[in-house]
Amino acid sequence: MRKLLQHVTDPELCIQCSACEMACPVKAIKAFFGRYCIDAEICDGCNKCIEECPTGAADRFIEVSEYYSQDQQSQWQKLPG
Ligand code: SF4
Ligand code: SF4
Numbered sequence: 037m038r039k040l041l042q043h044v045t046d047p048e049l050c051i052q053c054s055a056c057e058m059a060c061p062v063k064a065i066k067a068f069f070g071r072y073c074i075d076a077e078i079c080d081g082c083n084k085c086i087e088e089c090p091t092g093a094a095d096r097f098i099e100v101s102e103y104y105s106q107d108q109q110s111q112w113q114k115l116p117g
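Residues 37 to 117 (our numbering) are what the sequence shown spells out, left to right.
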């Protein structure tokens, strides 16, 4: 099966500062119940969120067979896999 690389935020490192949401030029990041989640369909890979994130939480990429939605990501206590 084809593997995709999905850009995500790490729930165990995120301090919910919202810097990534403010930095994203295409509004791909939204807070869902306090979890800052990236919409894979909108993200264009500019990496501005990674540059602004103070903890490294935004610098995470996971291999998936299909993208997790923001709703799904908001349920995570830690990254899958
Ligand atoms: S990589 Fe760029 S487009 Fe994607 S979520 Fe981060 S700031 Fe937004
Ligand atoms: S910038 Fe980093 S620590 Fe702040 S909300 Fe985004 S992912 Fe979490």
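C-beta: ideal position from N, C-alpha, C; glycine also.
Contact under 8 Å by Cβ, residue i with residue j
| i | j | result |
| --- | --- | --- |
| residue 39 | residue 59 | no |
| residue 81 | residue 98 | no |
| residue 114 | residue 47 | yes |
7 Å Cβ shell around residue i - same chain, five flanking residues per side excluded
| i | result |
| --- | --- |
| residue 74 | 43, 44, 45, 64 and 65 |
Own chain residues within Cβ distance below 6 Å of residue i, not counting five before or after
| i | result |
| --- | --- |
| residue 94 | 45, 56, 85 and 86 |
Cβ separation of residue i and residue j, assumed to be a contact under 8 Å, to the nearest whole Å
| i | j | result |
| --- | --- | --- |
| residue 71 | residue 108 | Contact flag wrong, Cβ pair sits at about 11 Å. |
Segment contact flag, the stretch 79-91 with the stretch 102-109, C-beta cutoff 8 Å, min 3 pairs: no
Continuous beta strand (DSSP E) assignments of at least 3 residues falling wholly in the stretch 46-97: 65-68 and 71-74
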